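> In this text, residue positions in the sequence shown follow full-length UniProt numbering: the first is 1, and each later residue adds one.
Where a beta carbon is used, it is the ideal one built from N, C-alpha and C, also for glycine.
Values in this document were obtained by computation on a predicted structure and should not be read as measured data.
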Amino acid sequence: METTQAQPTIYHGQFGDFTITPADRRGVIIYRLGLFLCALSFAVGTALILVKGEQNWVLEAIVVLFGLFSLGLGISLITIHIYLRPLHRLLQLFWLLGTIATLVIAKQSPEPLVLFVYHQPLTLLGIGFTFAALTGIYFKEAFCFNRLEAKVLTVLVPMLLLGHLTRLLPANIEQGLLMGWAGLFIIFVLRKAIQSIPPDIGDKSVFIYLDKVRN
Numbered sequence: 001m002e003t004t005q006a007q008p009t010i011y012h013g014q015f016g017d018f019t020i021t022p023a024d025r026r027g028v029i030i031y032r033l034g035l036f037l038c039a040l041s042f043a044v045g046t047a048l049i050l051v052k053g054e055q056n057w058v059l060e061a062i063v064v065l066f067g068l069f070s071l072g073l074g075i076s077l078i079t080i081h082i083y084l085r086p087l088h089r090l091l092q093l094f095w096l097l098g099t100i101a102t103l104v105i106a107k108q109s110p111e112p113l114v115l116f117v118y119h120q121p122l123t124l125l126g127i128g129f130t131f132a133a134l135t136g137i138y139f140k141e142a143f144c145f146n147r148l149e150a151k152v153l154t155v156l157v158p159m160l161l162l163g164h165l166t167r168l169l170p171a172n173i174e175q176g177l178l179m180g181w182a183g184l185f186i187i188f189v190l191r192k193a194i195q196s197i198p199p200d201i202g203d204k205s206v207f208i209y210l211d212k213v214r215n
C-alpha cells in the first residue's frame, strides 16, 4: 500500500519561491523558547524584589534569574530572523557587551548586584546594553507584526532605564513601570507562542538572495 507524503507549501517571495524546512521551524521554536525563558525569569525576579524585598535569598535568586534572563535573550538573538545582518550583529554585540559588563560589575560590586545597580545608576551604561538588545527585539516585533504590547515595551524600557539613570523618576513610578514591563513581556511571549510559525521566518527568499550577494 503506497503512502503519500504531504508536499511542502511553496511560498512566493520577493526573489523567488521557497519552502519552510523543519530546521526553519525548529529555529523559530528555539527563538520563542529563548524569549519565554527571558520573560519568565524577568517576571519572577520582578515579583520577588517587589513582594519579598531585599532579603538575602531574594538578592541571590535574582542574580541566578538574571543569568537565565541573559541566556534566554542570547538564544533568541542567535535564532531571530532579521533581514539586515548589520542590525542583527549589532543587537548581538549589545548583548555581549551587556553580559561582559554584568560579570565585571558583579565581581567588583561591594554589595549584591541588584542593589549595587539600583544604588549606582551609572552601571546601566554597561548593563544597559543587554536591555538595549532586548528593546531591539521589541522594536522588530512591533514593526513586523504591529503588536501593541511590543510598541509599548519599545518605549517603556528606555523610559524606565533613562529615568533611573538620570534619577528623574520617583521610586513608586519606577516600580509601576517595572511591573508593567514584566506583565507586558509575559503577554508578549504568550502571544508569540500561539502565532503561526511562517511569519517569524519572513521572506526566506530575501535571506537566500542576500547570502548569494555576500558570496
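Please report the straight-line C-alpha distance between residue 130 and residue 212, rounded to a whole angstrom.
Position 130 of the sequence shown holds residue 130. Position 212 of the sequence shown holds residue 212. Going from the Cα of residue 130 to the Cα of residue 212 covers about 32 Å.
> So, under 8 Å CB-CB, residue 134 and residue 160 are touching, yes? Tell me the CB distance rounded to an integer number of Å.
As a first step, residue 134 is located in the sequence shown; it is residue number 134 there, counting from the start. As a first step, residue 160 is located in the sequence shown; it is residue number 160 there, counting from the start. Not a contact, Cβ separation roughly 12 Å.
> In whole angstroms, what separates the C-alpha of residue 147 from that of residue 126?
Reading the sequence shown from its first residue, position 147 is the one you call residue 147. Reading the sequence shown from its first residue, position 126 is the one you call residue 126. One C-alpha to the other measures close to 29 Å.
> Going by C-alpha to C-alpha distance, which of 48, 206, 33, 117 sits closest to residue 189?
The residue you call residue 189 lines up with position 189 of the sequence shown. Here the closest residue by C-alpha is 33.
> Mapping DSSP to helix, strand and coil, what is residue 17?
Indexing the sequence shown from 1 puts residue 17 at position 17. Residue state, collapsed to three classes: strand.
> Report yes if the CB atom of residue 45 is closer than 7 Å to the CB atom of residue 59, and no otherwise.
Taking the sequence shown and counting its residues from 1, one reaches residue 45 at position 45. Taking the sequence shown and counting its residues from 1, one reaches residue 59 at position 59. No; because the gap between Cβ atoms is not below 7 Å, this pair is not in contact.
> Do residue 95 and residue 67 have their CB atoms nearer than 7 Å?
Here the question's residue 95 lines up with position 95 in the sequence shown. Here the question's residue 67 lines up with position 67 in the sequence shown. Result no, Cβ atoms of residue 95 and residue 67 do not sit closer than 7 Å.
> If you draw a straight line from the C-alpha of residue 193 to the C-alpha of residue 41, how long is it?
Numbered from 1 along the sequence shown, position 193 holds the residue referred to as residue 193. Numbered from 1 along the sequence shown, position 41 holds the residue referred to as residue 41. If you take the alpha carbons of residue 193 and residue 41, they lie about 17 Å apart.
> Excluding five sequence neighbours on each side, which residues of the same chain lie with their C-beta closer than 8 Å to the C-beta of residue 207?
Position 207 of the sequence shown, counted from the first residue, corresponds to residue 207. 81, 83.
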